[in-house]
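> This note's numbering applies: residue 330 is where the sequence shown begins, and numbers increase by one.
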Amino acid sequence: MNVSLTPDLEAFIHDMVKSGGYASASEVVRDALRRLVHDDSLRQMELKRLRAEIQVGLDQADRGEVVDGEDAMTALIGGIANMGRQSG
Numbered sequence: 330m331n332v333s334l335t336p337d338l339e340a341f342i343h344d345m346v347k348s349g350g351y352a353s354a355s356e357v358v359r360d361a362l363r364r365l366v367h368d369d370s371l372r373q374m375e376l377k378r379l380r381a382e383i384q385v386g387l388d389q390a391d392r393g394e395v396v397d398g399e400d401a402m403t404a405l406i407g408g409i410a411n412m413g414r415q416s417g
């Protein structure tokens, strides 16, 4: 497999090898790809978690378990105001 890199990326890889952090350019690329795979896996897990949370909310809405937005904001602001009075 051949890969074309920008001059900036080539310089970065060269610097990583030159600094002693890696034995070769191939090692730098392998490490970068391992990190990319790991990051993608974390992103997929987070996406799955968010979709599950959204589904919980949709299911609650389907069952009529909803709160009026204005009522929720009023309660939230009132709670924050009470916290401020208690700490002051």
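Ideal Cβ placement from N, Cα and C applies to all residues, glycine included.
This structure is a prediction, so every number in the text was calculated from the model and none was measured.
Measure the C-alpha to C-alpha separation of V357 and D344 and round it to an integer number of angstroms.
Using only the alpha carbons, I get a separation of about 10 Å.
> What distance in whole Å lies between the Cβ atoms of I342 and A354, which are believed to be in contact at a cut-off of 8 Å?
The pair is a contact, with the Cβ atoms about 5 Å apart (cut-off 8 Å).
> Classify E394 as helix, strand or coil using the three-state DSSP reduction.
DSSP places E394 in coil when its eight states are reduced to three.
> Could you spell out where the alpha helix (DSSP H) holding V346 opens and where it closes?
Run containing V346: P336 to K347, per the alpha helix (DSSP H) assignment.
> Can you tell me whether DSSP reads M374 as helix, strand or coil?
In this structure, M374 counts as helix in the three-state DSSP scheme.
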